[in-house]
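Here's the structure, in structure tokens; my notes come after.
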Amino acid sequence: MRMRTRKLIGTVVMLAFIGFYVLFAMVVAEGRITDAPKPLQTLGYIVLGLAWVLPLLPLIRWMAKPDKV
Numbered sequence: 026m027r028m029r030t031r032k033l034i035g036t037v038v039m040l041a042f043i044g045f046y047v048l049f050a051m052v053v054a055e056g057r058i059t060d061a062p063k064p065l066q067t068l069g070y071i072v073l074g075l076a077w078v079l080p081l082l083p084l085i086r087w088m089a090k091p092d093k094v
């Protein structure tokens, strides 16, 4: 598969994942984090804000693979 095709597929998958993750993060933030103490809230928002990156790293690596000649 060419890099251009991988990037197109990866972009669509990434946008779909982020759309679902945003909804998940909002549910978690509204349901659990608002009742916690302020330092724990801050930590929770930081974790939720950065946690989407880890599942997407393999996809990003796959998208960046060079074409086989």
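Each residue of the sequence shown is one higher than the last, beginning at 26 in my numbering. Every residue gets a Cβ at the ideal spot worked out from N, C-alpha and C, and that includes glycine. Computed from a predicted model, the values in this text were never measured in an experiment.
Closest residue to residue i among the options (Cα-Cα distance)
i: LEU48; options: LEU33, ILE85 and LEU73; result: LEU73
i: ILE43; options: ALA89, ALA76 and MET88; result: ALA76
i: TYR46; options: ARG31, VAL78, LYS32 and GLY35; result: VAL78
Alpha-carbon spacing of residue i relative to residue j, whole angstroms
i: LEU81; j: PRO62; result: 30 Å
i: TYR70; j: PRO64; result: 10 Å
i: VAL52; j: ALA41; result: 17 Å
Cβ distance (whole Å) where residue i is taken to contact residue j below 8 Å
i: VAL37; j: LEU84; result: Their Cβ separation, rounded to whole angstroms, is 11 Å, which puts VAL37 and LEU84 out of contact at 8 Å.
i: PRO91; j: MET28; result: 7 Å
Residue i, enclosing alpha helix (DSSP H) - first and last residue
i: LYS90; result: Taken as a continuous stretch (DSSP letters only), LYS90 belongs to no alpha helix (DSSP H), as it is neither H nor E.
i: ARG57; result: Per DSSP, ARG57 belongs to no alpha helix (DSSP H) and is neither H nor E.
i: PRO64; result: 63-75
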